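Residue numbers (full-length UniProt numbering), protein chains in the order written: chain A, 1 to 294; chain B, 1 to 294.
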């Protein structure tokens, strides 16, 4: 089992209005994940608002999280940045601060070509000795990694896994199509909480999970059932997640998870403006969704 | 005539591989625009790769450009950033360094809501005493400003103009639809070089131009003909631009303009990686396109 298998749980990164990370609150979130025995902690993912944090604050976050994981739980750190040299620096920072693996999204402003993303990933993968997971998230990076590009990248040293958006349909065929193009030890995992169960049942090896960063126990139960092929158990668990998934799809998983963390007393910081917190009028619905998972 | 009328010419921002701005090369580009008497210099737009430059380097670029424009040509400066506080700081920096106006794109990573963009723009517009142009560029920001949102924003103090993508069709109807929603002194201008002529003939008041930042004379001729409603003259000029427009559409206006600047001996710096320069095999075609405008 590589560090890119099982439940990869993505915590929020609590920070003040000026973008200074609250390492105490972050440590409490990470500690919950370590104690629940998640497969890995996915620090500074999209849920961890990495794109909104400075290099200094990202380094502080990794140091705080590494102190919690302490070799017990793999720590995978998002190092995406618009510039290649910036992403390389972030990767070296993460390695020095105790990361076990990297997660690299091809963040873009000017739309990028496949060859540009290939060279970008190669440069970042070559900057450290850590294994790297490709972070394919077209909704935020605005670049879609095709299967053909993933296969090219999978041949590079240290490029060990991909986090793909869970397909909306034809999961088995789409998983098999990529599986046929990559080495046997290359791990294929999925994000998109409400579609992850089906993607894991279809062969996915990891769930890169937003809610796993806040509620690791039910998320681990779903992961284990799906990896074991227990279709009925997956359906039963997903029924309990359904009210939360509906909120995620309507209001975004980041905003809903942030509100849920506040409701649960796990975090009292803001999101980075311009991203606004959800209105308190939604809290009763979020509380009910959390109750369904309690 | 406000500073948001006529040809707004967007120069490249020459910088070394580490992102340090070559202020000498930038000054030479800006000087050409001042001498040609463009309507405004659009510094640090998408063509000026603002998203890839640090706050320090953006400030150095504004200072260098302001020394060239020196009150003779309005200097409009892009202050887009993912964080609201960062964009406010950039706006204050630009004002202190001599900008005459601001250009604000709602840069996003997490997809934003209309209310979030409204609050973001209001905060940045309130940070200085400068007039501000809304920079509606869905291809890079991944947020589309609807006419309704532009109208809400146009009611804010200092929000004086919009740079919209030139519509692919129905220019007159679409221009009139927005015109009906905004104050009479709110300026509506267009970007997208190969469609700007039609958009100005349909009532647009400004051309936010990539090629105008490199070749101001033919771009001014096209702007003046379009603003004067000289349809035949616009068509004749656009025929000369056609080979270049074709390259822009195929290879992106940023990459083609960068190669053209190198061919013309105006800039010998790289683009910020991961963005790569065009292969030299394309240079003969770019040279031919430049010859058609000489």
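Quick reminder that beta carbons are idealized off the backbone N, C-alpha and C, glycines included. Remember, it's a predicted structure, so these values are computed and weren't measured experimentally.
Between the beta-carbon of residue i and the beta-carbon of residue j, is there less than 8 Å?
{"i": "residue 225 of chain A", "j": "residue 237 of chain A", "result": "yes"}
{"i": "residue 68 of chain A", "j": "residue 34 of chain A", "result": "yes"}
{"i": "residue 92 of chain B", "j": "residue 122 of chain B", "result": "no"}
{"i": "residue 100 of chain A", "j": "residue 132 of chain A", "result": "no"}
{"i": "residue 43 of chain A", "j": "residue 77 of chain A", "result": "yes"}
{"i": "residue 4 of chain B", "j": "residue 213 of chain B", "result": "no"}
{"i": "residue 141 of chain B", "j": "residue 108 of chain B", "result": "yes"}
{"i": "residue 256 of chain A", "j": "residue 247 of chain A", "result": "yes"}
{"i": "residue 179 of chain A", "j": "residue 203 of chain A", "result": "yes"}
{"i": "residue 163 of chain A", "j": "residue 189 of chain A", "result": "yes"}
{"i": "residue 6 of chain A", "j": "residue 62 of chain A", "result": "no"}
{"i": "residue 86 of chain A", "j": "residue 104 of chain A", "result": "no"}
{"i": "residue 136 of chain B", "j": "residue 46 of chain B", "result": "no"}
{"i": "residue 193 of chain B", "j": "residue 210 of chain B", "result": "yes"}
{"i": "residue 29 of chain B", "j": "residue 254 of chain B", "result": "no"}
{"i": "residue 2 of chain B", "j": "residue 160 of chain B", "result": "yes"}
{"i": "residue 375 of chain B", "j": "residue 199 of chain B", "result": "Residue 375 of chain B lies beyond the range of chain B shown here (1 to 294); nothing can be said about it."}
{"i": "residue 83 of chain B", "j": "residue 272 of chain A", "result": "yes"}
{"i": "residue 17 of chain B", "j": "residue 216 of chain B", "result": "no"}
{"i": "residue 177 of chain A", "j": "residue 147 of chain A", "result": "yes"}
Closer than 8 Å, CB to CB, is residue i near chain B or not?
{"i": "residue 85 of chain A", "result": "yes"}
Is there at least one Cβ from chain A nearer than 8 Å to residue i's Cβ?
{"i": "residue 115 of chain B", "result": "yes"}
{"i": "residue 19 of chain B", "result": "yes"}
{"i": "residue 235 of chain B", "result": "no"}
{"i": "residue 110 of chain B", "result": "yes"}
Looking only at C-alpha atoms, which of the options sits nearest to residue i?
{"i": "residue 95 of chain B", "options": "B:115, B:60 and B:120", "result": "B:60"}
{"i": "residue 64 of chain A", "options": "A:111, A:53, A:110 and A:13", "result": "A:13"}
{"i": "residue 223 of chain A", "options": "A:15, A:127 and A:38", "result": "A:38"}
{"i": "residue 80 of chain A", "options": "A:66, A:239, A:49 and A:110", "result": "A:49"}
{"i": "residue 260 of chain A", "options": "A:41, A:285 and A:274", "result": "A:285"}
{"i": "residue 229 of chain B", "options": "B:251, B:249, B:201 and B:218", "result": "B:201"}
{"i": "residue 251 of chain A", "options": "A:282, A:188 and A:273", "result": "A:282"}
{"i": "residue 149 of chain B", "options": "B:157, B:158, B:139 and B:134", "result": "B:134"}
{"i": "residue 207 of chain A", "options": "A:29, A:166 and A:215", "result": "A:166"}
{"i": "residue 144 of chain A", "options": "A:40, A:106 and A:152", "result": "A:106"}
{"i": "residue 276 of chain B", "options": "A:168, A:263, A:116 and A:270", "result": "A:116"}
{"i": "residue 291 of chain A", "options": "A:264, A:18, A:278 and A:221", "result": "A:264"}
{"i": "residue 71 of chain A", "options": "A:249, A:41, A:54 and A:90", "result": "A:41"}
{"i": "residue 120 of chain B", "options": "B:147, B:174 and B:89", "result": "B:89"}
{"i": "residue 172 of chain B", "options": "B:205, B:158, B:146 and B:154", "result": "B:205"}
{"i": "residue 278 of chain A", "options": "A:177, A:23, A:258 and A:17", "result": "A:258"}
{"i": "residue 152 of chain B", "options": "B:174, B:294, B:175 and B:183", "result": "B:183"}
{"i": "residue 249 of chain A", "options": "A:169, A:195 and A:268", "result": "A:195"}
{"i": "residue 102 of chain B", "options": "B:23, B:114, B:219 and B:74", "result": "B:74"}
{"i": "residue 270 of chain B", "options": "B:110, B:52, B:31 and B:218", "result": "B:52"}
Tell me, which residues are paired with residue i by DSSP?
{"i": "residue 164 of chain A", "result": "A:190"}
{"i": "residue 8 of chain B", "result": "B:40 and B:208"}
{"i": "residue 270 of chain B", "result": "B:15"}
{"i": "residue 78 of chain B", "result": "B:103"}
{"i": "residue 133 of chain B", "result": "B:103 and B:161"}
{"i": "residue 21 of chain A", "result": "A:15"}
Does the ligand GDP have a heavy atom nearer than 7 Å to the CB of residue i?
{"i": "residue 32 of chain A", "result": "No copy of the ligand GDP occurs in the structure displayed, which carries no ligand at all."}
Do we get a CB-CB distance below 8 Å when we pair residue i with the residues of chain E?
{"i": "residue 129 of chain A", "result": "Here the protein chains are A and B, and chain E is not one of them."}
For the stretch 263-280 of chain B, enumerate the residues whose C-beta is nearer than 9 Å to any C-beta of chain A, in chain order.
271, 272, 273, 274, 275 and 276
Identify each residue in the stretch 119-137 of chain B for which the Cβ-Cβ distance to at least one residue of chain A is less than 8 Å, and report them in chain order.
119, 120 and 123
Residues of the stretch 39-59 of chain B with Cβ closer than 8 Å to any Cβ of chain A, in chain order
46, 49, 51 and 52
Below 9 Å between beta carbons is the criterion; list the residues of the stretch 139-164 of chain A that meet it against any residue of chain B, in chain order.
139, 140, 141 and 142
Interfacial residues, the stretch 230-254 of chain B to chain A, with Cβ spacing under 9 Å
252 and 254
Got a sec: which bits of the stretch 64-90 of chain B sit with their beta carbon under 8 Å from any beta carbon on chain A, in order along the chain?
82, 83, 84 and 85
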